[in-house]
Amino acid sequence: MKNDILESALNTNSVMRNLDMESWERRDHFTFFQNLKSCNYGVTIQQDVTELLKFRENIKDSGESIRFSDVLYFFAMKSVNAIPEFMTRIVDGKPVIFDKVHPAFTYISKGCTLHSNCLAKYADNYAQQAKNIEISRLNTDKNPTLTPENGEKQNLIYFSIAVGIPFTSLSNPWGDCNIDSVPRIIFGQVTESETGKKILPVSIELLHSLADGKHVAEFFRLFGEMCTNPEKHINI
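Here our numbering is used: position 59 in the sequence shown is 68, and no number is missing along the way.
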């Protein structure tokens, strides 16, 4: 793989801007929640992915193929990059906002039984995002690691897939919320409801000092619309 292609796919740079604590609307909420021992919270929903899986099968029948996890990461990343609160972080103890954030995801490398951590550059079209993710996987096959270069940066979204677990709630390990401010998004096992709908559990955890329930609701609204109308958002 050419170095320039690899570097482009793994380029997780963003523009960071400090938030003015004097004029920032969340100033009091930020201070209140950051003074708690733990200020992260989580929400889990059961997302209907029936239309998305139908779309994927239709694509397969036409001779194309899309990876389910790639689509989930892409839909989630499009959603978070449309919501300022999901791009707000804490750096050096102060609130900042990035112009974009990038996916960081777990992956079991070939020949391994335990996962590695991967990073990929965010792209606002599916084909490029899937390409970046695949290049990251291939690179990780050669260099499996829990600590990829730039993995300590805050301009990320952490993803994982709980294979085989149709969870109804979930919690993640967190570090010090004055340093560790990256939201976590976990996908579970797809199951079928009594009415024949395909249901995917989706969990989000994030800092209450940076975002409220209404922002999580907006994420799920955007993500859900993409799952219901995948043909509007996926180019292959």
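Beta carbons: idealized from backbone N, C-alpha and C, even for Gly. Please read these numbers as outputs of a predicted model, since none were measured by experiment.
Inset, instruction - Could you please give the first and the last residue of the uninterrupted beta strand (DSSP E) stretch that includes Gln55? - result: Counting along the chain, the beta strand (DSSP E) containing Gln55 begins and ends at 49-57.
Legend entry - Own chain residues within Cβ distance below 6 Å of Gln138, not counting five before or after: Phe83, Ala132
Inset, instruction - May I ask which residues mark the beginning and end of the alpha helix (DSSP H) holding Glu214? - result: Where Glu214 is concerned, there is no enclosing alpha helix (DSSP H), although the beta strand (DSSP E) it sits in stretches over 207-216.
Legend entry - Where Ala171 sits in the DSSP three-state scheme: Ala171 carries a coil assignment under DSSP once its states are collapsed to helix, strand and coil.
Legend entry - Touching by the beta-carbon criterion (3+ pairs, under 8 Å), the region 147-163 and the region 69-76: They do not touch, by the three-pair rule.
Legend entry - Continuous alpha helix (DSSP H) assignments of at least 4 residues falling wholly in the region 137-170: none
Inset, instruction - Determine whether the Cβ of Leu45 lies closer than 7 Å to any Cβ atom of chain B. - result: Of the protein chains in the structure, only one exists, and it is not chain B.
Inset, instruction - Specify the secondary structure class of Val100 as computed by DSSP and reduced to three states. - result: The three-state secondary structure of Val100, taken from DSSP, is strand.
Inset, instruction - Starting from Met25, trace the alpha helix (DSSP H) both ways and give me its first and last residue. - result: That residue, Met25, is in no alpha helix (DSSP H); its beta strand (DSSP E) goes 25-27.
Inset, instruction - Output the boundary residues of the alpha helix (DSSP H) element that contains Ser125. - result: Per DSSP, Ser125 lies in no alpha helix (DSSP H); the unbroken beta strand (DSSP E) holding it starts and ends at 125-128.
Inset, instruction - Indicate the three-state DSSP secondary structure (helix, strand or coil) for Phe176 in the structure shown. - result: Phe176: coil per DSSP, three-state reduction.
Inset, instruction - Express the C-alpha separation of Ser180 and Asn187 in angstroms, rounding to a whole number. - result: Cα to Cα, Asn187 sits roughly 19 Å from Ser180.
Inset, instruction - Can you have a look at Ser98 and say buried or exposed, based on whether 16 or more other CB atoms are within 10 angstroms of its CB? - result: One detail in the question is off: residue 98 reads as Arg in this sequence, not Ser. Answer is buried; the Cβ neighbour count reaches 16.
Inset, instruction - Quick one: give me the first and last residue of the alpha helix (DSSP H) that Thr40 is part of. - result: Per DSSP, Thr40 belongs to the alpha helix (DSSP H) from 36-43.
Legend entry - Residue closest to Ile208, alpha-carbon to alpha-carbon, out of His217, Thr122, Gln198, Leu215: That would be Gln198, whose Cα lies nearest to the Cα of Ile208.
Inset, instruction - Taking only the alpha-carbon atoms, compute the straight-line gap between Ile17 and Val110 and give it to the nearest angstrom. - result: For the record, residue 17 in the displayed sequence is Ser; it is not Ile. Roughly 15 Å between the two C-alpha positions.
Inset, instruction - Take Leu45 and list the residues in its own chain whose beta-carbon comes closer than 7 Å to its own, dropping the five residues that flank it on each side. - result: none
Legend entry - Arg230 - DSSP class collapsed to helix/strand/coil: helix
Legend entry - Sub-7 Å separation of Thr21 and Leu128 beta-carbons: yes
Inset, instruction - Verify whether the separation of the beta carbon atoms of Ser218 and Phe95 is less than 7 Å. - result: Taking 7 Å as the cut-off, the beta carbon of Ser218 is found no closer than this to the beta carbon of Phe95.
Inset, instruction - Can you give me the start and stop residues for the beta strand (DSSP E) that Phe114 sits inside? - result: 111-116
Inset, instruction - Give me whichever residues DSSP pairs with Ile245 in a beta bridge. - result: According to DSSP, Ile245 bridges with nothing at all.
Legend entry - Nearest to Phe107 (by Cα), restricted to the options Ile117, Phe229, Met25, Ile194: Met25
Inset, instruction - Measure from the alpha carbon of Tyr135 to the alpha carbon of each residue in Leu19, Glu240, Lys11, then state which is nearest. - result: Of Leu19, Glu240, Lys11, the residue nearest in Cα terms is Glu240.
Legend entry - Beta-carbon contacts of Asp79 that lie in its chain and below 6 Å, excluding the five residues immediately before and after: In chain order, Ala139, Ile142 place their CB closer than 6 Å to the CB of Asp79, counting only its own chain and leaving out the 5 sequence neighbours on each side.
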